[in-house]
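Undergrad: Quick note: to get this note's numbering, add 250 to the position in the sequence shown (first position is 1). Where is the CB? At the ideal position from N, CA and C, for every residue including glycine. Note that this is a predicted model, so its numbers are computed, not measured.
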Amino acid sequence: MSTKETENSINSAKQFNLEGEVLSTSPFGSGHINDTYKITTSSNTNNIYLLQRINHHIFQDVEGLMNNIEVVCNHLKAKLAHLGEEEVLKRTMTLIPTKTGKNYYEDANGDFWRVFILIPDTRSYDILETTEQAYSGGMAFGQFQKQLSDLDPKKIVEVLPNFHNIDFRMNNLRSAIASNPVGRLDEIQDLLDYIFEREEKMRTILNLGLSGALPLRITHNDTKFNNVLLDKNDQVQCVIDLDTVMPGYVAYDFGDAIRTIINSAAEDEEDVSKIVLNIPLFRSFTEGYLSEAKDFLTDTEINTLIYAVHLLPYMQAVRFLTDYINGDTYYKIAYATHNLVRTKAQLKLVAELEKHQNELVAILSESLIDN
Ligand code: GN1
Ligand code: MG
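1) Between which two residues does the beta strand (DSSP E) holding Tyr287 run?
2) Pick from Asp285, Leu330, Ser274, Ala595: whose alpha carbon is nearest that of Val522?
3) Could you tell me how far apart the beta carbons of Glu313 and Asn296 are, in whole angstroms, since I believe they sit closer than 8 Å?
4) In whole angstroms, give me the CA-to-CA distance for Leu401 and Pro497.
5) Beta-carbon within less than 6 Å of Val322's beta-carbon, same chain only, minus the 5 sequence neighbours each way: which residues are those?
6) Between Lys281 and the ligand MG, is the CB less than 8 Å from at least one heavy atom?
7) I'd like to check one pair, Tyr375 with Asn528: are the Cβ atoms closer than 9 Å?
8) Looking only at C-alpha atoms, which of Ser461, Leu460, Val500 sits nearest to Arg467?
9) In terms of alpha-carbon separation, which member of Ser541, Ala384, Ala463 lies closest to Ser617?
10) When burial is assigned at 16 or more other CB atoms within 10 Å of the CB, is Gln607 buried or exposed?
11) Using a Cβ-Cβ cut-off of 7 Å (strictly less than) and excluding sequence neighbours within five positions of Ile283, which residues of its own chain qualify?
12) By the three-class DSSP mapping on this structure, what secondary structure does Tyr574 have?
13) Ignoring anything shorter than 4 residues or poking outside the segment 420 to 494, list the alpha helix (DSSP H) runs there in chain order.
14) With DSSP collapsed to three states, give me the class of Leu268.
15) Is the Cβ-Cβ distance between Ile445 and Leu315 less than 9 Å?
16) Run the proximity test for Asn318: is its beta-carbon closer than 8 Å to any non-hydrogen atom belonging to the ligand SAH?
17) With distances taken Cα to Cα, identify the nearest neighbour of Phe546 among Ser399, Asp518, Asn318, Asn324.
18) Check whether the segment 430 to 438 and the segment 568 to 585 are in contact - that is, three or more C-beta pairs closer than 8 Å.
19) Once the 5 residues before and after Leu561 are set aside, which same chain residues still bring their CB inside 6 Å of it?
20) Would you say the beta carbon of Asn284 is closer than 8 Å to some non-hydrogen atom of the ligand GN1?
21) If I follow the unbroken alpha helix (DSSP H) through Arg341, where does it start and stop?
22) Beta strand (DSSP E) containing Leu301: first to last residue?
23) Could you name each continuous alpha helix (DSSP H) segment of 4 residues or more that falls completely within the segment 547 to 600, going from the start of the chain to the end?
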């Protein structure tokens, strides 16, 4: 970390109501949007804290964002209150207020910061290892949707409008192509052809939604598997990263989770031959998800799950490629072609999913009967 970054993060950490004195901060995690630091304090007793600088170029309504998170956390805590305070702290995220009682701090540079408790004895996985983990992940997101199913949607602002709206993402891609600001179009024509060939069929869920056939629910909208914390026995502990909790269609959460679960390689794997499907993990995640969600989902919602399995990697490819064309202004990158590599990896996943479509449909039906 640069000296300035260290100074800024320590100064910001000191604004919050923490136990002990702030001693140091160090980078933490692998998010593409916000900057996360672990705080070390002089208190060796209770809590460990995570500090985050919110990317306010993306989350422009920080007040609305933080209010959403507070509303969601309080709703979840009330649902779990019967388990006792200690369990509630382990199963939900907890925001620490500033010394003046706000849920975020704005520093002199106009940067926005927040602090959460780091839940001890947990871990998250970028790539899964076992079917038990997949089952737990499915339960985690199914439970999350269920617990939020009676939260009044009016209490939640749509922090990033049209987040999973494929028309919006395609329009952004078309605008990027039209302006071609850094001259990257020539090298990606084959990828664009591949994307546009599939555009119409990727609109299925959106069309159903627009026709009124799908209920809008409060969904997570960033269900990468590493946004589930598991305990040391790989049981569900807590769903994290509540930035994009907004009204949405349940299938989007299912598809986005499958995007990371079914892929035996990383989201940004350079060697696309390594991107193959791990179908047993798909089955286990689906079974875990349906064990929680089956009772509240409508038949139409259940029928859309398979479309989302194709849509979410596709939409992620569109987003990565749009950012590549725009000169990498949205996602953090580690090297110049990172967004291009990510795009190719997601499109390879789309191709693999198409190849195995019938098998996945059969597993979804079997899981419904078994559950
Ligand atoms: C971003 O920052 P992170 O890793 O939680 C993105 C998600 C993408 C994801 C791809 C606000 O999430 O939508 O699916 O990268 N978040 C936002 O890894 O755009
Ligand atoms: Mg996120």
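TA: Let's see:
1) 285 to 291
2) Ala595
3) No, Glu313 and Asn296 are not in contact; Cβ-Cβ is about 29 Å, not under 8 Å.
4) 11 Å
5) Leu492, Val495
6) Sequence check: residue 281 is Gly here, not Lys. Yes, the Cβ of Gly281 comes within 8 Å of a heavy atom of the ligand MG.
7) no
8) Val500
9) Ser541
10) exposed
11) Asn305, Ile308
12) helix
13) 439 to 447, 454 to 460
14) coil
15) no
16) Although the ligand SAH was asked about, the structure shown includes only the ligand GN1 and the ligand MG as ligands.
17) Ser399
18) yes
19) Met452, Gly505
20) yes
21) 335 to 341
22) 299 to 304
23) 549 to 575
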